[in-house]
Amino acid sequence: MNDEGQVVALRYDRWKAVFAEQRAQGLLVWQDPFVPLRLPKLFDLRADPFERADQGSILYDKWRIDHAFVIIPALAFARKFVASFQRFPPRQKPETWNLDTILQRMQRTSD
């Protein structure tokens, strides 16, 4: 989960499925949003511990399709994780830096 409460990735054993990624670098990670992926990125962490195959390999797309069988179990694990919040809800909502939300809070406080 990221600091906004979104499930962005799941790791199980040697596999990692990425459902959303932060494409910004440096301090821009606090400014720019996570980008949801229509098809999760897959990584075999034993073969690619730095998760760079999608950037440096011309064969990554073929490899990802050949290993698509990992996606369905990953989605099932993610669903189970998210369902656990019904029984054990987060203690507080993630903070937001959205100006509209901040203004709404200020207006509610002043009313």
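In this text, residue positions in the sequence shown follow full-length UniProt numbering: the first is 1, and each later residue adds one. A virtual CB, placed ideally from N, CA and C, is assigned to each residue, including glycine. All values derive from a computational prediction rather than experimental measurement.
Nearest-angstrom beta carbon gap, residue j and residue i [assumed within contact, 8 angstroms]
i: residue 17; j: residue 36; result: Not quite, the Cβ-Cβ distance comes to about 13 angstroms (not below 8 angstroms), so this is no contact.
i: residue 81; j: residue 7; result: 7 angstroms
i: residue 68; j: residue 60; result: That pair is no contact at about 13 angstroms.
Range covered by the alpha helix (DSSP H) that runs through residue i
i: residue 62; result: 60-66
i: residue 73; result: 71-87
i: residue 99; result: 99-110
i: residue 56; result: 53-56
Extent of the continuous beta strand (DSSP E) to which residue i belongs
i: residue 17; result: 15-21
i: residue 44; result: 35-44
One or two residues paired with residue i in a DSSP bridge
i: residue 11; result: 16
6 angstroms Cβ shell around residue i - same chain, five flanking residues per side excluded
i: residue 74; result: 10, 17
i: residue 32; result: 24
i: residue 15; result: 70
Chain C within 8 angstroms of residue i, Cβ atoms only
i: residue 49; result: Structure shown: chain C not included; a single protein chain is present.
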